[in-house]
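The structure under discussion appears below in the form of structure tokens.
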Amino acid sequence: MNFKQLNYFLVVAEEGQITSAAKRLFVGQPALSYQLKQLEEELGAKLFIRQPYGIELTEAGKKLRDYAGQILTLAKNVQTEITELDRGGWGRVKLGSVSSSIGELPSAKLTAFARQHPGVSFDIYEDNTFGILDKLQGNLLDLAIVRTPYNRVNLNFVDISDEPMTAVTCQDFFPGKGKVGLQDLAGQPLVIYRRFEDMFKEAFAEKGLTPNFVVKCDDSRTAIRWSDSGLGIALVPESIAKTYAKGHIYPIDSAKWRTRLQLVWRKDRVVTPLMRQIIALYAK
């Protein structure tokens, strides 16, 4: 018994006649009759009763009709799923994301991909960069979106975005200024996300300046909240400032004060077709 025989059988059952079924299948009547006879012999049961007006299903034929429809539908679904799986259009991906990846989960690209591939599902894990990287190294994630700087040992990556740091204040610390320099910031109380501390210190040191970090925290959103309370100037990525800041936002005149979002995965990890599809989305 094979899929072709089951399909022939179903068409004959639907048409109720060998002649019309043969026309619908584009096969000769002798060939169709032979396939039906082979099917009956393999099953050891009579499937049809031939009548003057056509054919009538036996009880065995009726039972096979019910199963044949299910079998052919299942076979079609299996073929579709296997093909989609091989192309990266089916499966589940475990994706980590830092809290500062504003607009990337879900991004317009990822949303469009998900709509085009309804067989794909996502497990999303959120943490700070260090927590996400720990999960990635522990094989708890397939892919992750993290923010520089971080340790890229054993990691492949593609850049998603590149943006400058900004100064956020609840008061107008710099009236009339469209952009502030490091000299302007050095004498002010600064609130920073701890991960950027080395980058800030190096830039100040190059100009012979000493920063005043009054608050160090582990989330740019927390830095903004402290700034909103009037305790200092928060130094945060531009996208975070535009999303969460309620006060003044100043561009900073420093080419080195930039940060990037990157999609990362382990170098020793086997990249599945689904992972490859998502990597390609962000690599464009």
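At position 202 of the sequence shown the residue is numbered 204 (our numbering), and the sequence of numbers has no breaks.
Where a beta carbon is used, it is the ideal one built from N, C-alpha and C, also for glycine.
(1) With DSSP collapsed to three states, give me the class of residue 31.
(2) Taking 8 Å as the threshold, find out whether the segment 35 to 53 comes into contact with the segment 70 to 81 through three or more Cβ pairs.
(3) Could you tell me how far apart the beta carbons of residue 70 and residue 28 are, in whole angstroms, since I believe they sit closer than 8 Å?
(4) So, helix, strand or coil for residue 238, using DSSP?
(5) Could you tell me the boundaries of the alpha helix (DSSP H) in which residue 214 lies?
(6) Using a Cβ-Cβ cut-off of 7 Å (strictly less than) and excluding sequence neighbours within five positions of residue 206, which residues of its own chain qualify?
(7) What ranges does the beta strand (DSSP E) occupy inside the segment 114 to 194, keeping only unbroken runs of at least 3 residues that lie completely in it?
(8) Rounding to the nearest angstrom, what Cα-Cα distance links residue 284 and residue 106 in this structure?
(9) Just the Cα atoms here: how many angstroms apart are residue 165 and residue 171?
(10) What residues in its chain sit with their C-beta under 6 Å from that of residue 16, if we drop five residues either side in the sequence?
(11) Measuring alpha carbon to alpha carbon, tell me which residue in 50, 25, 54 and 102 is nearest residue 63.
(12) By alpha-carbon positions, which one of 141, 52 and 18 ends up nearest to residue 67?
(13) On the DSSP letters alone, give me the boundaries of the beta strand (DSSP E) that residue 94 sits inside.
So, from the listed chains and residues:
(1) helix
(2) no
(3) Not a contact, Cβ separation roughly 20 Å.
(4) Of the three classes helix, strand and coil, the one that applies to residue 238 here is strand, per DSSP.
(5) Segment 214 to 219 is the beta strand (DSSP E) holding residue 214; no alpha helix (DSSP H) there.
(6) 184, 188, 212 and 213
(7) 122 to 129, 145 to 149 and 157 to 171
(8) 10 Å
(9) Between residue 165 and residue 171, the alpha-carbon positions lie close to 19 Å from each other.
(10) none
(11) The shortest C-alpha separation from residue 63 is found at 50.
(12) 18
(13) 93 to 100
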